[in-house]
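> Position one of the first sequence corresponds to residue 8 (this note's numbering), numbered consecutively onward. Where is the CB? At the ideal position from N, CA and C, for every residue including glycine. None of these values were measured; they are calculated from a predicted model.
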Amino acid sequence: MTDLTSRPDAPTSAPARQVPDKVTVDGLEGRWDGAWTAAGAYSFDRSKERAQVYSIDTPPPTVSGSLHVGHVFSYTHTDVVARYRRMRGYEVFYPMGWDDNGLPTERRVQNYYGVRCDPSLPYDPDFTPPHQGTDGKAVKAGDQVPVSRRNFIELCERLSAEDEQQFEHLWRRLGLSVDWSMTYQTIGSTARAVSQRAFLRNLERGEAYQAEAPGLWDVTFQTAVAQAELEARDYPGAFHKVAFHRPDGEQVVIETTRPELLPACVALIAHPDDERYQHLFGTTVTSPLFGVELPVLAHPAAEPDKGAGIAMCCTFGDLTDVQWWRELRLPTRSVVGRDGRVLRDTPEWIASEDGRALYGEIAGKTTFSAREALVAALRESGDLLGEPVATQRKANFYEKGDKPLEIVTSRQWYIRNGGRDEDLRTALLGRGQELGFHPDFMRVRYDNWVGGLNGDWLVSRQRFFGVPFPVWYPLDEAGEPRYDAPITPDEAALPIDPTSDVPAGYTADQRGVPGGFVADPDVMDTWATSSLTPQIVCGWLDDPDLFARTFPMDLRPQGQDIIRTWLFSTVVRAHLENGSLPWTDAAISGWILDPDRKKMSKSKGNVVTPLGLLEEHGSDAVRYWAASARLGTDAAFEVGQMKIGRRLAIKVLNASKFVLSFGDPAEPVLTDPALVTETLDRAMLAGLAEVVATATAALESYDHTRALETTETFFWTFCDDYLELVKDRAYGAGAAAGDVPAATASARAALGIALDTLLRLFAPVLPFATEEVWSWWREGSVHRAPWPTAEPLRTAAGDADPGVVAGAGAALAALRKVKSEAKVSMRTPIEHAVLAVPPALRPAVEVALDDVRSAGRATGTLDLAEADGDAVVARDARLGEAVARS
RNA sequence: GGGCGAUUGGCUCAGUGGUAGAGCGCCUCGUUCACACCGAGGAGGUCACUGGUUCGAACCCAGUAUCGCCCACCA
Numbered sequence: 008m009t010d011l012t013s014r015p016d017a018p019t020s021a022p023a024r025q026v027p028d029k030v031t032v033d034g035l036e037g038r039w040d041g042a043w044t045a046a047g048a049y050s051f052d053r054s055k056e057r058a059q060v061y062s063i064d065t066p067p068p069t070v071s072g073s074l075h076v077g078h079v080f081s082y083t084h085t086d087v088v089a090r091y092r093r094m095r096g097y098e099v100f101y102p103m104g105w106d107d108n109g110l111p112t113e114r115r116v117q118n119y120y121g122v123r124c125d126p127s128l129p130y131d132p133d134f135t136p137p138h139q140g141t142d143g144k145a146v147k148a149g150d151q152v153p154v155s156r157r158n159f160i161e162l163c164e165r166l167s168a169e170d171e172q173q174f175e176h177l178w179r180r181l182g183l184s185v186d187w188s189m190t191y192q193t194i195g196s197t198a199r200a201v202s203q204r205a206f207l208r209n210l211e212r213g214e215a216y217q218a219e220a221p222g223l224w225d226v227t228f229q230t231a232v233a234q235a236e237l238e239a240r241d242y243p244g245a246f247h248k249v250a251f252h253r254p255d256g257e258q259v260v261i262e263t264t265r266p267e268l269l270p271a272c273v274a275l276i277a278h279p280d281d282e283r284y285q286h287l288f289g290t291t292v293t294s295p296l297f298g299v300e301l302p303v304l305a306h307p308a309a310e311p312d313k314g315a316g317i318a319m320c321c322t323f324g325d326l327t328d329v330q331w332w333r334e335l336r337l338p339t340r341s342v343v344g345r346d347g348r349v350l351r352d353t354p355e356w357i358a359s360e361d362g363r364a365l366y367g368e369i370a371g372k373t374t375f376s377a378r379e380a381l382v383a384a385l386r387e388s389g390d391l392l393g394e395p396v397a398t399q400r401k402a403n404f405y406e407k408g409d410k411p412l413e414i415v416t417s418r419q420w421y422i423r424n425g426g427r428d429e430d431l432r433t434a435l436l437g438r439g440q441e442l443g444f445h446p447d448f449m450r451v452r453y454d455n456w457v458g459g460l461n462g463d464w465l466v467s468r469q470r471f472f473g474v475p476f477p478v479w480y481p482l483d484e485a486g487e488p489r490y491d492a493p494i495t496p497d498e499a500a501l502p503i504d505p506t507s508d509v510p511a512g513y514t515a516d517q518r519g520v521p522g523g524f525v526a527d528p529d530v531m532d533t534w535a536t537s538s539l540t541p542q543i544v545c546g547w548l549d550d551p552d553l554f555a556r557t558f559p560m561d562l563r564p565q566g567q568d569i570i571r572t573w574l575f576s577t578v579v580r581a582h583l584e585n586g587s588l589p590w591t592d593a594a595i596s597g598w599i600l601d602p603d604r605k606k607m608s609k610s611k612g613n614v615v616t617p618l619g620l621l622e623e624h625g626s627d628a629v630r631y632w633a634a635s636a637r638l639g640t641d642a643a644f645e646v647g648q649m650k651i652g653r654r655l656a657i658k659v660l661n662a663s664k665f666v667l668s669f670g671d672p673a674e675p676v677l678t679d680p681a682l683v684t685e686t687l688d689r690a691m692l693a694g695l696a697e698v699v700a701t702a703t704a705a706l707e708s709y710d711h712t713r714a715l716e717t718t719e720t721f722f723w724t725f726c727d728d729y730l731e732l733v734k735d736r737a738y739g740a741g742a743a744a745g746d747v748p749a750a751t752a753s754a755r756a757a758l759g760i761a762l763d764t765l766l767r768l769f770a771p772v773l774p775f776a777t778e779e780v781w782s783w784w785r786e787g788s789v790h791r792a793p794w795p796t797a798e799p800l801r802t803a804a805g806d807a808d809p810g811v812v813a814g815a816g817a818a819l820a821a822l823r824k825v826k827s828e829a830k831v832s833m834r835t836p837i838e839h840a841v842l843a844v845p846p847a848l849r850p851a852v853e854v855a856l857d858d859v860r861s862a863g864r865a866t867g868t869l870d871l872a873e874a875d876g877d878a879v880v881a882r883d884a885r886l887g888e889a890v891a892r893s
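Pasting the structure below:
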């Protein structure tokens, strides 16, 4: 992990302050990224107190994957917030992490370097991987060289470093205002130490515990799976009617989709009120084929209308079985192993010779083959009634797996999350209430998830790569681990790897011998590390000073799909460890949908590379597209929207160039509010004041879309109407050379003040174009300039009515329309016209009449009359008549 | 089965009680003294459907349909 210290502040560099002849948005990204880095524009100043800091818990992208359009989309949302807050005067704590922990990285490192992790091996400091860069061509599992966990982690960090450079390049090009001196890796030593320390403290307080219990198990990855990683999928199956037998020969027929679990059956169960089975409760039946005597029991979880209404309870076919097994205190008769195959040893509870022979035939088979074999046997014995009926059932899958999960008994670590503890659940629901969700309705997902938890958080995984549990167990005289007496390391020694490090008081040669010790073999779930990102970035481990300035954080940006995982687990950890929320607000981004309204996916072949997008349209344009979509709302991938953004950025450059042509930016001609005397100019500033107020309020409530929309709408009116209206006046047309009439000075100052304000309003969304213009006439970076406030504008505007601009604009529009409908040039002079104006607009038009005249090229007479309706009507003797609404 | 969100002109989306909006696309015209990555103007919608509340509903209520997602459902 890179050191989290920030660079000292340096003044931003100031390129030559002059307006270029030709402007372009192309190439701004490289220039300004370089300048920002050189100037330390986004360096975090850690001398600021917590109240002055805005800290962001950025999602660390998975480096072994690739960034896609969705990342660009959501990270832009966050950057808009960061830039806004920075301009509001906050010191923004905005680090970037790289997620290189977990299965995707494990796989990639295996394939890339041709190695696999074997924690039993010692660390080899001189290890050189057999392959390198075999991208696309995976090294086959058999050819992979086993290496120690430490070597594996080193390779992971090495490979990640290459990916990180590419990612950083993209993020810089996109204009993320991250402090690039502050990055972390989720498998880095800080992250490992934080994960281990947090775990040890959970353990100390009794929040972490281990238990031997039946749990969901993926037979492909051979690891336990947590509730949050489940995915219910359709899975083809078949109902089999199977007859059990009473001593008197009567058949009891059940239906099952898993006949291969027949040898694991421990009871038949029906609902206590089910009339059909009353006479069976308390009696026994024997299972077909295996002849095992089984009780018939009553339990309310049995549903009379499912299948035959009476179920065979096996250890374990599903979670209901687990419930029955637990509540009815049934024996454990597992037959499916961790590899998904039927256990080799014939179980002792199968007594009959035929049964034992049959079991021998299915031993070692996959559940699929075992099912076929048993169905054949049932058919032969006559215990299969009718033929199996195909059905589409829902089965639980590990989200990364492709085989249904089995339930096996294993020893696992858990962290309490309210799933078994009402008080904790209530407290965590309370945290959800405290947290500001944006949009607010996303809170429901949190509530649903927390309310529906049915067990504690399973944090151990039977993988080799990951953050190891910092725990050893003493071995007794017989060499059996004493799980009830775990040995833990000193916090100062973290991170440790118990498979290579030796606990205090032991020597290395005592590993694995009776009376010695043994390492906990498991690693933590990746969420067990990811849930600590606030603690990792804020220096919880070893930088209490930084921690005090940044924690609890302000914002967690993330996707809606991981509210139940990342968001919730982070809340759990902070609640347990810090007694607070990890952040005050969560910004939830929506999905990017392709034109078919489907979630963008690689398989659709419509994946667009983000860098290509940025190169084609320009970063400001792509950011504009992203910023146009509200938080929590799915957005279409819309190239058209990017083109609009590009047009806006270009317009900003051109309009700025124009405004800045009216005076030396160093002089107060473009900045002094006292010069703004004309009513139209003051009205424009009054309107701008409203825009500032609206945009600010919107951004305060994480509604960047409204802020952008409000600003943009004003800007286009500013360009199309106001700028055109005051153009001639600003030029000083008609005045003697060297003489600047007050009306001219008024227009120029108003234009300059508006430009200054608009640039700052646009800066969070269009960081490159606005910075470019800022450099033409201002010191420093626009991104460190203060966010505009409405008050000075209101003061400059005085009592001017912002509606004046609209009124004058309507008058101008009417004159334009006359020309447009007459199909003549806009420069065609209007020689003799009448403007019929509604009474409400009359004062506005009167006050701006000279500007309307010059903008409309009304060189002759232009008389005012009263209009009947609420629209302005222009009548020209030569060109005709046109109606324009304001 | 429960929940959340969505449904507005060809497209992407604003619009939470008072006579339907924007941009894009389209059509017409114009222009190069900030901007052709330009400007002006225009056409285009019974606001998914059915009821209800209200003087008045895109908006509130009830229900229906379609789409997306989350949760539950594995005998």
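Verify whether the separation of the beta carbon atoms of ASP735 and VAL825 is less than 7 Å.
Translated into the one-based positions of the first sequence, residue 735 becomes position 728. Translated into the one-based positions of the first sequence, residue 825 becomes position 818. Their beta carbons are not under 7 Å apart, which means ASP735 does not touch VAL825 by this criterion.
> Please report the distance separating the alpha-carbon of ASP106 from that of SER537.
As a working mapping, residue 106 is identified with position 99 in the first sequence. As a working mapping, residue 537 is identified with position 530 in the first sequence. Taking the straight line joining both Cα atoms gives about 8 Å.
> Determine the DSSP secondary structure at PRO15, reduced to helix, strand or coil.
For this step, residue 15 is matched to residue 8 along the first sequence. Below a pLDDT of 50, predicted positions are generally treated as unreliable, and PRO15, at 35, falls in that range; the measurement from the model is reported next regardless. If DSSP states are grouped into helix, strand and coil, PRO15 belongs with coil.
> Kindly list the residues whose CB is nearer than 6 Å to the CB of ASN424, restricted to its own chain and excluding five residues on each side of it in sequence; keep chain order.
Along the first sequence, read from residue 1 onward, the residue named residue 424 stands at position 417. ASP463, TRP464 and VAL579.
> Report all residues from its chain with a CB closer than 6 Å to the CB of ALA872; omit the five preceding and five following residues, and keep chain order.
Numbered from its first residue, the first sequence carries residue 872 at position 865. Closer than 6 Å at Cβ, skipping near neighbours: VAL841 and ALA843.
> Give me the Cβ distance between PHE100 and THR557, rounded to the nearest whole Å; I'm assuming they're in contact under 8 Å.
Translated into the one-based positions of the first sequence, residue 100 becomes position 93. Translated into the one-based positions of the first sequence, residue 557 becomes position 550. So it is a contact: roughly 5 Å between Cβ atoms.
> Rank ALA681, LEU562, PRO675 and GLY72 by C-alpha distance to the C-alpha of HIS445 and give the top, closest one.
If you number the first sequence from 1, residue 445 lands on position 438. If we check each option's Cα against that of HIS445, LEU562 comes out closest.
> Where are the beta strand (DSSP E) runs, 3 residues long or more, that stay fully inside the segment 450-488, in chain order?
Correct list: 479-481.
> So, VAL87 versus HIS711, is the Cβ gap smaller than 7 Å?
By 1-based counting over the first sequence, the position of residue 87 is 80. By 1-based counting over the first sequence, the position of residue 711 is 704. In contact: VAL87 and HIS711 (Cβ atoms closer than 7 Å).
> How many angstroms separate the CA atom of VAL879 from the CA atom of LYS650?
Your numbering for residue 879 matches position 872 in the first sequence. Your numbering for residue 650 matches position 643 in the first sequence. The straight-line gap from Cα to Cα measures roughly 33 Å.
> Per DSSP, which one or two residues make a beta bridge with CYS124?
Here residue 124 refers to the residue found at position 117 when the first sequence is read from its first residue. BP columns for CYS124 point to VAL154.
> Can you tell me the Cβ-Cβ gap for ALA485 and PRO521, rounded? I've got them flagged as a contact below 8 Å.
What you label residue 485 is simply residue 478 of the first sequence in a count that begins at 1. What you label residue 521 is simply residue 514 of the first sequence in a count that begins at 1. Indeed, because the Cβ distance is near 6 Å, the residues count as touching under 8 Å.
> Mind checking whether LEU35 and PHE775 have CB atoms under 7 Å apart?
Along the first sequence, one-based indexing puts residue 35 at 28. Along the first sequence, one-based indexing puts residue 775 at 768. Yes, the pair counts as a contact, with Cβ atoms nearer than the cut-off.
> Taking the C-alpha atoms as reference points, what is the distance between LEU574 and THR433?
For the purposes of this step, residue 574 is taken as residue 567 along the first sequence, with counting starting at 1. For the purposes of this step, residue 433 is taken as residue 426 along the first sequence, with counting starting at 1. Cα to Cα, the separation comes out at about 17 Å.
> Cα separation between ALA594 and ARG892?
In the first sequence, residue 594 corresponds to position 587, counting from 1. In the first sequence, residue 892 corresponds to position 885, counting from 1. Spanning the two alpha carbons is a distance of roughly 40 Å.
> Can you list, in chain order, the residues of its chain with a C-beta nearer than 7 Å to that of SER610? Leave out the 5 residues immediately preceding and following it.
Walking along the first sequence from the start, residue 610 turns up at place 603. Below a pLDDT of 50, predicted positions are generally treated as unreliable, and SER610, at 43, falls in that range; no measurement from the model is reported.
> Is it the case that the Cβ atoms of ARG378 and PRO243 are separated by a distance below 7 Å?
By 1-based counting over the first sequence, the position of residue 378 is 371. By 1-based counting over the first sequence, the position of residue 243 is 236. No; because the gap between Cβ atoms is not below 7 Å, this pair is not in contact.
> Three-state secondary structure (DSSP) at MET560?
Residue 560 sits at position 553 when you count from the first residue of the first sequence. Residue state, collapsed to three classes: strand.
> What does TRP224 pair with, by DSSP beta-bridge criteria?
Within the first sequence, numbered from 1, the residue matching residue 224 stands at position 217. TRP224 pairs with ALA231 and GLU413.
> Give the DSSP-derived three-state secondary structure of ASN424 in the structure shown.
Within the first sequence, residue 424 is the residue found at index 417, counting from 1. Reduced to three states, the DSSP call for ASN424 is coil.
> On the DSSP letters alone, give me the boundaries of the alpha helix (DSSP H) that GLY753 sits inside.
Your numbering for residue 753 matches position 746 in the first sequence. Checking the sequence, you will find Ser at residue 753 rather than Gly. 749-769 is the extent of the alpha helix (DSSP H) around SER753.
> Less than 7 Å separating the beta-carbons of PRO564 and ARG199?
Walking along the first sequence from the start, residue 564 turns up at place 557. Walking along the first sequence from the start, residue 199 turns up at place 192. No, Cβ-Cβ distance for PRO564 and ARG199 is not below 7 Å.
> Three-state secondary structure (DSSP) at MET910?
The structure shown does not extend to residue 910, since the chain spans only 8 to 893, so no value can be given for it.
> Which residues bound the beta strand (DSSP E) around ALA2?
With the chain running from 8 to 893 in the structure shown, residue 2 is simply not present.
> Within a Cβ cutoff of 7 Å, which residues of the same chain sit near GLU175, ignoring the five residues on either side of it in sequence?
Residue numbering aside, residue 175 sits at position 168 when the first sequence is read from its first letter. The answer, listed in chain order, is TRP187.
> On the DSSP bridge list, what partners appear for ILE599?
Within the first sequence, numbered from 1, the residue matching residue 599 stands at position 592. In the DSSP output, where bridge partners are listed per residue, ILE599 has ALA642.
> According to DSSP, simplified to helix, strand and coil, what is ALA309?
Residue mapping note: residue 309 aligns to position 302 of the first sequence, counting from 1. Coil.
> Let me check understanding here. Comparing Cα to Cα, which of ARG654, ARG93, GLU697 and ALA696 lies closest to ALA628?
One-based indexing of the first sequence puts residue 628 at position 621. The residue with the shortest Cα to Cα distance from ALA628 is ARG654.
> Report the option in ALA315, ALA358 and THR374 whose CA atom is closest to the CA atom of PHE323.
Start at 1 with the first residue of the first sequence, and residue 323 comes out as number 316. Nearest C-alpha to PHE323: THR374.
> Please check the pair ASP390 and PRO295, which I expect to be a contact at CB under 8 Å, by giving their CB distance rounded to whole angstroms.
Numbered from 1 along the first sequence, position 383 holds the residue referred to as residue 390. Numbered from 1 along the first sequence, position 288 holds the residue referred to as residue 295. Yes, they are in contact, since the Cβ atoms of ASP390 and PRO295 sit about 4 Å apart, within 8 Å.
> When DSSP labels each residue in this structure, what does PRO521 get in the three-state scheme?
Reading the first sequence from its first residue, position 514 is the one you call residue 521. Here PRO521 sits in coil by DSSP.
> Can you give the Cα-Cα distance for TYR405 and ALA239, rounded to whole angstroms?
As a first step, residue 405 must be located in the first sequence, where it is residue number 398. As a first step, residue 239 must be located in the first sequence, where it is residue number 232. Rounded to whole angstroms, TYR405 to ALA239 spans 9 Å at the Cα level.
> Among THR264, ALA693 and ASP568, which one has its Cα closest to the Cα of VAL249?
Indexing the first sequence from 1 puts residue 249 at position 242. Selected option, being the one with the closest Cα: THR264.
> Which one or two residues does DSSP pair with THR263 in a beta bridge?
If you number the first sequence from 1, residue 263 lands on position 256. Paired residues: HIS247.
> Rounded to the nearest angstrom, how far is the Cβ of ALA245 from that of VAL396, given a contact under 8 Å?
Counting from one through the first sequence, the residue named residue 245 turns up at place 238. Counting from one through the first sequence, the residue named residue 396 turns up at place 389. Indeed they touch by this definition, with Cβ atoms about 6 Å apart.
> How would you write the range of the alpha helix (DSSP H) that ASP858 sits in, first residue to last?
To locate residue 858, count along the first sequence from 1; it is residue 851. Unbroken alpha helix (DSSP H) run through ASP858: 856-862.
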